[in-house]
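Which chain is which? The protein sequence lines are A and B, in order. Quick note: the first sequence, position 255, residue 255 per our numbering, numbers continuous. Throughout, our numbering is defined as the position within the second sequence, counted from one, plus 1000. Following: one structure in structure tokens, then a few remarks.
Protein chains: 2
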Amino acid sequence: MEARHLRYAVALAEQEHFGRAAATLGIAQPPLSKQIADLEREVGARLFDRTRQGVFPTAAGEAFLARARRALDEIAAATVDAGRAARGETGRLRLGFIASALLDPLPGVLSRFGRERPDVRMELHEMATSRSSPALIAGELDVALTLGPPRGAGAEHLVSVPVGTDHVIAVVSSAHPYAGQPSISVDQLRQQPLIVSAGEDEPAVVAALHALLGTDSTALGGAAVARDVHTIIGLAASGVGVGLGPSRMRAAPRPGVRFCEVTPRTPLPDLVLSFTARDHTPVLRAFLDTIRKNCPEVGAALNDRIRPRS
Amino acid sequence: MEARHLRYAVALAEQEHFGRAAATLGIAQPPLSKQIADLEREVGARLFDRTRQGVFPTAAGEAFLARARRALDEIAAATVDAGRAARGETGRLRLGFIASALLDPLPGVLSRFGRERPDVRMELHEMATSRSSPALIAGELDVALTLGPPRGAGAEHLVSVPVGTDHVIAVVSSAHPYAGQPSISVDQLRQQPLIVSAGEDEPAVVAALHALLGTDSTALGGAAVARDVHTIIGLAASGVGVGLGPSRMRAAPRPGVRFCEVTPRTPLPDLVLSFTARDHTPVLRAFLDTIRKNCPEVGAALNDRIRPRS
DNA sequence: CGTGGCAATATCTCTGAGGTATCGCCAGCA
DNA sequence: TGCTGGCGATACCTCAGAGATATTGCCACG
Chain A
1 MEARHLRYAV ALAEQEHFGR AAATLGIAQP PLSKQIADLE REVGARLFDR
51 TRQGVFPTAA GEAFLARARR ALDEIAAATV DAGRAARGET GRLRLGFIAS
101 ALLDPLPGVL SRFGRERPDV RMELHEMATS RSSPALIAGE LDVALTLGPP
151 RGAGAEHLVS VPVGTDHVIA VVSSAHPYAG QPSISVDQLR QQPLIVSAGE
201 DEPAVVAALH ALLGTDSTAL GGAAVARDVH TIIGLAASGV GVGLGPSRMR
251 AAPRPGVRFC EVTPRTPLPD LVLSFTARDH TPVLRAFLDT IRKNCPEVGA
301 ALNDRIRPRS
Chain B
1001 MEARHLRYAV ALAEQEHFGR AAATLGIAQP PLSKQIADLE REVGARLFDR
1051 TRQGVFPTAA GEAFLARARR ALDEIAAATV DAGRAARGET GRLRLGFIAS
1101 ALLDPLPGVL SRFGRERPDV RMELHEMATS RSSPALIAGE LDVALTLGPP
1151 RGAGAEHLVS VPVGTDHVIA VVSSAHPYAG QPSISVDQLR QQPLIVSAGE
1201 DEPAVVAALH ALLGTDSTAL GGAAVARDVH TIIGLAASGV GVGLGPSRMR
1251 AAPRPGVRFC EVTPRTPLPD LVLSFTARDH TPVLRAFLDT IRKNCPEVGA
1301 ALNDRIRPRS
């Protein structure tokens, strides 16, 4: 059975007349009679009653037509859906990101992308840098925001673009003696209880802090440890000590805290956007387009690294 | 686009290999390649990624395949549903009947038919004899149980078969003086308050009662009037008077009442099964088959009146 | 008893689905 | 680096069947 048979049966049921139905289908009457006859033979039941008053579906015909109409609707929808998926209007984007990316680049990009592609399902996975690359290579993510470029087995199959530099800044309670200073020196920091992020997931951050403070053990003596930047800011606000974190923290202003530069300026690994070099889904391409529009300088770097329509 | 394209795309997605997919479809590989290429051109998007590892759907392909599978399921179901409808296994039966038919022939027939055709939807309409025939002719009913054969315009297009004779009996409270009698005479009835059914809908019953009681006015002096036999029996049970109704009342035994014959025996119009002479739905044919099996003598009359498979 | 409208049948045509043979491409390999 | 094998695409042919035209058969009309 072919879709043609369904279309012909539906047209015949609508027109209730072989000649008119054939005309609307753009064919002559005899082929329509033949196709309907073939259909009835294949189904094994008479589908239409041919009366003087017109052609009407039998009980079997009604049952058949209900299914036929749904099948034709599905076929029409198949083309539409495929087109929308090909243009990246529907689908999903699985994005891995480090927690601090939620502060600065993500809100703007996500809200813009959400407005441009309302029917794309976003799957956001907060994860450490070290877990993103394997997930990308395994096809479990479409794109990731990490600290520093991807490393490890298969990283050569990934493309990465820096989307922002970063360095260590301090966050203190407004009531803190350092709050009024434009910057805080290392010596001043050494005299304070410090609040830093837990180091297991992001060793590069810990290494930067060690470089800054001149310690060489993995533990930062006497420091409070938090799992994410919001907690660091919260602890600093409560006066527990001086928080240290990425400059991207400034994107989370909060009454009662002040952000201060730290001297010497200590770089943190770049925030990097990475994805597989090939097999880009239309949604991923649309997402990269959004980033291009949102951050022109990142867009330029993107254009250098991926060929259009690859 | 034809169903063939959907089947080929689904097979290709399952086999992930043009050669194997073509083999399962019973065709050679080149035609499959061509049909898939035609499909992709018509849809306007690449549906499969041809890689060294195998052939896999793109995002557009996944969207297309989801619809394609549903369309193919609908097409398969269309044939199955049409077959079941043609055999009368599904569908509906619109049955008009007078209330008293619920006492005797209907319960047995309906329960048997419900067991034989569990997926047929029964639409039961209690209605007076006078309304059944127009409803049958207008195509609003498939079959009707009436008192006496159909009359009126178009009645010649109906077939009717008597399914039972009937006559007037009395129903009295067990405490009533007549309760012990095998039969009650007309003279005895005339001395009692009588309970009869309302006459507007079934004039033939009223006429029979007039014939029995020898009155010629349309009103039965001093009688209580009920709209259905259950009410007649209930009123009789409460001692209001002597109920008169069809002998089919005996099928509704109730503690506290007795049924008695009435002399002289007064016939009521036959209970008649009627339906249109042509355009029988498969469900109606199945229903008539059930009646044939349930009541052999009615079956014989049916066989006389309708030709098989008409 | 024509007559007109409609679906079915007969017959032909030509499109296009499917077959065979072959090519082009690339990964794996010596 | 050329060789080879596997796979999909291409080229070309064949014939089944979708569709066109002409005609028939069959009632409900006048």
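From the three backbone atoms N, C-alpha and C, an ideal C-beta is built for every residue, glycine too.
Does A/Arg50 come out as helix, strand or coil in the three-state DSSP assignment?
strand
Counting Cβ pairs closer than 8 angstroms, one from the stretch 1088-1097 of chain B and one from the stretch 1115-1123 of chain B, do we hit at least three?
yes
How about the stretch 1168-1179 of chain B and the stretch 1256-1266 of chain B: do they share at least three Cβ pairs that are nearer than 8 angstroms?
yes
Close Cβ partners of A/Leu288 (< 7 angstroms) along its chain, the five nearest in sequence each way excluded
Leu302
If you run the structure through DSSP and keep just helix, strand and coil, what is A/Glu123?
strand
Mapping the DSSP letters down to three states, classify B/Asp1270 as helix, strand or coil.
strand
Shortest alpha-carbon distance to B/Ala1076 belongs to which of B/Arg1250, B/Pro1162, B/Leu1006?
B/Leu1006
Taking B/Ala1277 as the reference, give the member of B/Val1055, B/His1125, B/Asp1304 with the closest Cα.
B/Asp1304
Using three-state DSSP, classify A/Pro246 as helix, strand or coil.
strand
When the Cα of B/Met1249 is compared with those of B/Thr1051, B/Phe1056, B/Val1109, B/His1167, which residue comes out closest?
B/His1167
Any beta carbon of chain B sitting closer than 8 angstroms to that of A/Pro282?
yes
Any idea what DSSP makes of A/Leu147, helix, strand or coil?
strand
I think A/Ala82 touches B/Phe1064, with their Cβ atoms under 8 angstroms apart; what is that distance to the nearest whole Å?
4 angstroms
N-terminal and C-terminal residue of the beta strand (DSSP E) that B/Ala1167 is part of
With the sequence shown as reference, residue 1167 of chain B is identified as His, and Ala is not the correct amino acid for it. That run of the beta strand (DSSP E) goes 1158-1173.
Inter-stretch contact (C-beta, 8 angstroms, three-pair minimum) for the stretch 266-281 of chain A and the stretch 153-165 of chain A
yes
Going by beta-carbon coordinates alone, are A/Val225 and A/Val196 separated by less than 8 angstroms?
yes
Please determine, among B/Lys1293, B/Ala1144, B/Ser1238, the residue with the shortest C-alpha to C-alpha distance to B/Glu1116.
B/Lys1293
Closer than 8 angstroms by beta-carbon distance: list the chain A residues that pair up with B/Thr1090, in chain order.
Ala63
Just reading off the beta strand (DSSP E) that B/Ser1197 is part of, what are its end residues?
1194-1197
For the candidate residues A/Arg41, A/Ala23, A/Pro193, A/Phe113, whose alpha-carbon lies nearest to that of A/Cys295?
A/Phe113
Do the stretch 1030-1039 of chain B and the stretch 16-29 of chain A make contact, defined as three or more Cβ pairs closer than 8 angstroms?
no
Alpha-carbon spacing of B/Pro1282 relative to B/Leu1145, whole angstroms
19 angstroms
If you check the beta carbons only, do B/Val1161 and B/Thr1290 fall under 8 angstroms apart?
no
Over the uninterrupted beta strand (DSSP E) stretch that includes A/Leu95, give me the two end residues.
91-97
Among A/Leu284, A/Pro182, A/Arg69, the one whose alpha carbon lies nearest that of A/Glu261
A/Pro182
Whose C-beta lies closer than 7 angstroms to the C-beta of A/Ser217 among residues of the same chain, with five residues either side of it excluded?
Interpretation of A/Ser217 is limited by its pLDDT of 46, a score under 50 that renders its predicted location unreliable; the figure taken from the coordinates is listed afterwards. So no residue of the chain qualifies.
Using the rule of at least 16 other Cβ atoms within 10 Å of the residue's Cβ for burial, across every protein chain shown, is A/Asp187 buried or exposed?
exposed
Please tell me whether B/Leu1136 and B/Phe1275 are closer than 8 angstroms, where the distance is taken between their beta carbons.
yes
Check whether the Cβ atoms of A/Ile98 and A/Ala128 sit closer than 8 angstroms, and answer yes or no.
yes
Roughly how many whole angstroms lie between the Cα atoms of B/Leu1141 and A/Glu62?
17 angstroms
Using the rule of at least 16 other Cβ atoms within 10 Å of the residue's Cβ for burial, across every protein chain shown, is A/Thr58 buried or exposed?
buried
Pairwise C-alpha distance: B/His1280 and B/Ile1232
37 angstroms
Report buried or exposed for B/Pro1193, applying the criterion of at least 16 other Cβ atoms within 10 angstroms of its Cβ.
exposed
Using a Cβ-Cβ cut-off of 6 angstroms (strictly less than) and excluding sequence neighbours within five positions of A/Tyr178, which residues of its own chain qualify?
Val172, Ile184
Can you confirm whether A/Asp166, when its beta carbon is compared against all beta carbons of chain B, has any partner nearer than 8 angstroms?
no
Would you kindly report the start and end of the unbroken beta strand (DSSP E) that includes B/Ser1132?
Not the beta strand (DSSP E): B/Ser1132 falls in the alpha helix (DSSP H), residues 1129-1137.
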